[in-house]
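Peer 1: Numbering (the working numbering), first residue to last: 2 to 351. By construction, the Cβ of each residue, glycine as well, lies at the ideal position given by its N, Cα and C atoms.
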Ligand code: MRU
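(1) So, are the CB atoms of residue 283 and residue 265 less than 8 Å apart?
(2) Thinking C-alpha only, which one of 155, 58, 159, 274 is nearest residue 115?
(3) Using DSSP's beta-bridge definition, name the partner residues of residue 244.
(4) Output the residue ranges of the alpha helix (DSSP H) runs that lie fully inside the stretch 237-287 and measure 4 residues or longer, sorted by chain position.
(5) Using only CA atoms, which one of 169, 82, 81 lies nearest to residue 323?
(6) Apply the 10 Å Cβ neighbour rule to residue 344 and answer buried if 16 or more other Cβ atoms are within range, or exposed otherwise.
(7) Between residue 364 and ligand 1, is the CB less than 7 Å from at least one heavy atom?
(8) Straight-line CA distance for residue 99 to residue 158?
(9) Going straight from the alpha carbon of residue 205 to that of residue 250, what length do you get?
(10) Does DSSP put residue 43 in a helix, in a strand, or in coil?
(11) State yes or no: is the C-beta of residue 48 nearer than 7 Å to some heavy atom of ligand 1?
(12) Classify residue 233: buried if its beta carbon has 16 or more other beta carbons within 10 angstroms, exposed otherwise.
(13) Please indicate yes or no: does the CB of residue 230 lie closer than 7 Å to some heavy atom of ligand 1?
(14) Among residues of its own chain, excluding the 5 on either side of residue 16, which ones have a beta-carbon nearer than 6 Å to its beta-carbon?
(15) What is the residue span of the alpha helix (DSSP H) that residue 20 lies within?
(16) Where does residue 68 sit, in a helix, a strand or coil, going by DSSP?
(17) Would you mind listing the beta strand (DSSP E) stretches within the stretch 153-240 that are 3+ residues and don't spill past its ends, in chain order?
(18) Does the beta-carbon of residue 296 have 16 or more other beta-carbons within 10 angstroms, so that it is buried, or is it exposed?
(19) Would you be able to state if there are at least three C-beta pairs under 8 Å between the stretch 117-129 and the stretch 196-211?
(20) Mind checking which residues open and close the beta strand (DSSP E) that includes residue 151?
Laid out in structure tokens, this is it:
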């Protein structure tokens with residue numbers, strides 16, 4: 002299912018908060034509206050929020066400006082608002098910077114900024130679609146046969162294509178390597194039970210939905226042959242931020258000698274950050290923990306923590322599957338080799 006559509010003067014986004022019970026589309030007309038939609042998780046998933054931010058800047062570049070200088074200033078300010086919508090997924094910053102770089106180049110060359118920005122946003126979207134299928138092929142090649150456990154949602158609802166970790170397990174299923182999937186519900190926002198279960202059902206992939214705390218039980222019984230997750234930001238040393246609960250899964254997989262893989266596009270790497278310790282972790286509204294579907298489940302007046310992500314140390318990760326290949330421990334070296342091998346997927350500037 003495609004969660005976002007570019008319509009020249011607006012962007013249509015599928016309201017993921019309503020899934021799987023209702024299919025509702027929201028019209029976004031500005032960067033302010035997109036930034037709010039990202040913050041409130043109308044749409045979510047690291048690659049998708051990058052694509053959405055790129056289109057939001059394309060919307061802004063279509064306004065009337067008294068001069069190209071004013072247009073550039075306006076885009077920089079809008080980009081700043083978008084980047085602040087969610088702090089952990091680096092794809093957001095990556096996409097905004099890429100658009101702003103294009104806008105600057107157009108300004109310097111006296112070209113039409115809007116034309117260049119729209120083309121760049123569409124290119125980011127299309128490249129992500131292609132990256133998903135390449136990640137799927139690379140991942141399926143290395144994935145052990147059997148049952149895969151996954152966490153959160155990394156499918157077509159989170160990306161511009163078929164997904165990252167999800168696309169790998171989907172390809173693995175096509176190739177008859179993946180027999181069954183265990184999907185964690187991903188408390189508190191329930192991207193696993195609401196979105197991944199929805200996608201697995203649509204794709205006719207046999208699966209079992211479990212609560213996050215059941216993973217250790219199944220891993221210790223030999224019921225799972227690999228764990229496969231996405232990423233929101235990967236530091237230079239391979240430490241990976243992903244949905245809260247990923248770290249626990251990695252430790253449990255390590256203890257039970259089950260390989261743990263991360264699948265992500267190279268836009269999720271942040272080599273300005275040396276280790277996972279420095280990755281900013283988003284703290285979300287306590288109500289996400291205190292309520293389920295708007296119904297209060299805990300006493301009033303209590304302390305609540307709601308970090309949306311955690312960091313899995315690189316030593317627990319068997320491989321990081323990207324569109325450029327698979328990086329392995331020690332990651333400083335293998336990530337460097339992957340990124341410096343400037344493979345040009347769509348024959349456009351990286
Ligand atoms: O809070 P979310 O739903 O945006 O978190 C999503 C995840 O943690 C995904 O695993 C990650 O963004 C990769 S999506 C391909």
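Peer 2: By the coordinates alone:
(1) Within the chain shown, residue 283 is the residue found at index 282, counting from 1. Within the chain shown, residue 265 is the residue found at index 264, counting from 1. In this structure, residue 265 does not lie closer than 8 Å to residue 283 by Cβ.
(2) Here residue 115 refers to the residue found at position 114 of the chain shown. The shortest C-alpha separation from residue 115 is found at 58.
(3) On the chain shown, residue 244 is found 243 positions in, with the first residue counted as 1. Answer is 310.
(4) 247-256
(5) By 1-based counting over the chain shown, the position of residue 323 is 322. The option with the nearest alpha carbon to residue 323 is 169.
(6) Looking up residue 344 in the chain shown gives position 343. Any reading at residue 344 must be qualified, since the residue scores a pLDDT of 46, below 50, and its modelled position is unreliable; the value itself is stated next. Looking at its Cβ environment, which holds fewer than 16 other Cβ atoms inside 10 Å, residue 344 is exposed.
(7) A question about residue 364 goes unanswered here, because the residues of the chain that appear run from 2 up to 351.
(8) Position 98 of the chain shown, counting from 1, holds the residue named residue 99. Position 157 of the chain shown, counting from 1, holds the residue named residue 158. Between residue 99 and residue 158, the C-alpha separation is close to 22 Å.
(9) As a position in the chain shown, residue 205 is number 204, starting the count at 1. As a position in the chain shown, residue 250 is number 249, starting the count at 1. About 25 Å.
(10) By one-based count along the chain shown, residue 43 stands at place 42. Looking at residue 43 - three-state DSSP - the assignment turns out to be coil, as it is neither helix nor strand.
(11) Position 47 of the chain shown, counted from the start, is the residue given in the question as residue 48. Residue 48: yes, Cβ under 7 Å from ligand 1.
(12) Position 232 of the chain shown, counting from 1, holds the residue named residue 233. Buried: at least 16 other Cβ atoms inside 10 Å.
(13) The residue labelled residue 230 in the question sits at position 229 within the chain shown. Indeed, a heavy atom of ligand 1 lies less than 7 Å from the Cβ.
(14) Translated into positions along the chain shown, residue 16 becomes position 15. Excluding sequence neighbours, residue 16 sits near 25, 27, 43.
(15) Within the chain shown, the letter at position 19 stands for residue 20. It is not in any alpha helix (DSSP H) - residue 20 carries neither H nor E in the DSSP assignment.
(16) On the chain shown, position 67 is the one that residue 68 refers to. Coil.
(17) 179-185, 208-211, 227-230, 234-236
(18) As a position in the chain shown, residue 296 is number 295, starting the count at 1. Burial call: exposed.
(19) no
(20) What you label residue 151 is simply residue 150 of the chain shown in a count that begins at 1. Per DSSP, residue 151 belongs to the beta strand (DSSP E) from 147-151.
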